[in-house]
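Student:
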Amino acid sequence: MDMEKLEELRQRVADSHSTLQGLHEQRFGPVNTHRNTMITLSPLQLTIPSTFHSHVQQYQLSSRALQILQSTLDKLLDSYTKEYDDACRKLVQPTIPQLQPLLPNVAEKLRSGIQHHFERYGLPKIMETVKQFAEQHPRPSKPQPALCQSSIPAYEA
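Listed below in structure tokens is the structure:
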């Protein structure tokens with residue numbers, strides 16, 4: 121007896137579904153039943169300009185200071201990557217299907233905007249810290265090796 125009631129309930133649900141779908145199509149148009157495929161966007165790959173590296177080399181930092189600098193750069197890159205990933209996750213949510221073809225272009229603009237921000241604001245802050253550190257902890261430059269007293273006559277000849 122219970123199986124008959126379950127079958128009857130299933131039939132009523134199916135009938136109401138088709139009735140409601142028909143009413144919806146009359147009022148709003150056909151129902152889009154296929155799921156939107158998730159668009160995957162390429163990951164962010166920030167580049168550090170060579171000028172940054174050349175400026176850092178001018179300060180002749182110790183190996184420990186260079187390790188700290190690299191750690192700071194890694195944290196900054198990670199922060200920018202997380203922001204990009206969060207923004208992309210929000211962009212690819214299937215809210216408006218008509219906008220999905222535009223997503224790769226939007227993601228590329230987001231990528232270039234983040235790269236610009238990284239070069240314009242992120243790296244200069246780190247460079248300012250490197251400069252301050254180098255001024256507070258100057259490294260002695262290597263003096264020219266002293267001439268041997270025995271080689272002086274050879275230079276005079």
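Here the sequence shown is numbered in this note's numbering, starting from 121 and rising by one per residue.
Even glycine gets a Cβ: it sits at the ideal position worked out from N, Cα and C.
1) Taking Val-226 as part of the alpha helix (DSSP H), name the residues at either end of that continuous run.
2) DSSP state of Ser-246, grouped into three classes?
3) Can you tell me whether Ala-227 is buried or exposed, with buried defined as 16 or more other CB within 10 angstroms of its CB?
4) With a 10 Å radius around its C-beta and 16 neighbouring C-beta atoms as the bar for buried, classify His-154 as buried or exposed.
5) Counting along the chain, where does the alpha helix (DSSP H) carrying Arg-147 start and finish?
6) With a threshold of 16 other CB atoms inside 10 Å of the CB of Leu-164, please say whether the residue is buried or exposed.
7) Going by C-alpha to C-alpha distance, which of Thr-139, Gln-180 and Leu-223 sits closest to Glu-255?
8) Going by DSSP in three states, Ile-188 sits in which element: helix, strand or coil?
9) Around the Cβ of Tyr-204, are there at least 16 other Cβ atoms within 10 angstroms (buried) or fewer (exposed)?
10) Could you say if the segment 127-134 and the segment 185-204 meet the contact criterion of at least three C-beta pairs nearer than 8 Å?
Tutor: With the structure as the only source:
1) 223-237
2) Residue identity check: residue 246 is Ile in the sequence provided, not Ser. Looking at Ile-246 - three-state DSSP - the assignment turns out to be helix.
3) Taking every protein chain shown into account, the CB of Ala-227 has 16 or more other CB atoms within 10 angstroms, so this residue is buried.
4) With a pLDDT of 49 at His-154, under the threshold of 50, the modelled position of this residue cannot be trusted; read the value that follows with caution. So His-154 counts as exposed.
5) 122-148
6) It counts as buried.
7) Gln-180
8) Helix, per DSSP.
9) buried
10) Output reads no: the segment 185-204 does not touch the segment 127-134.
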